[in-house]
Amino acid sequence: MTSQVQQCYYVAGACDFVLVLLVRDMAQYTQLTRKLFFQSNNVKRFKTLVAMSNVKTGLQVPAT
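For the sequence shown, the positions run 1445 to 1508 when this note's numbering is used.
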């Protein structure tokens, strides 16, 4: 993997994997997706969601 891949999850449902990427701009995003997805015969399709703002970050769950 590359340092832009911050997190990767193997999931059930409509897709097999969820990746959290960190890129500086859309040019870097395009370069990364071409490298990771378009050059691989193992990737049939991918979908992009862009985070507009964060609601919660981190993995801590408050104890009640």
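Built from N, CA and C at the ideal position, the CB exists for glycine as well.
Note that this is a predicted model, so its numbers are computed, not measured.
Check the Cα spacing between T1492 and each of S1447, T1446, G1502, L1476: the tightest is with L1476. The C-beta distance from Q1483 to V1464 rounds to 21 angstroms, too long to meet the 8 angstroms contact threshold. Closest in alpha carbon position to V1494, among R1468, S1447, G1457, is R1468. N1486 and K1479 have their alpha carbons spaced roughly 13 angstroms apart. For Q1475, the uninterrupted alpha helix (DSSP H) run begins and ends at 1470–1477, by DSSP.
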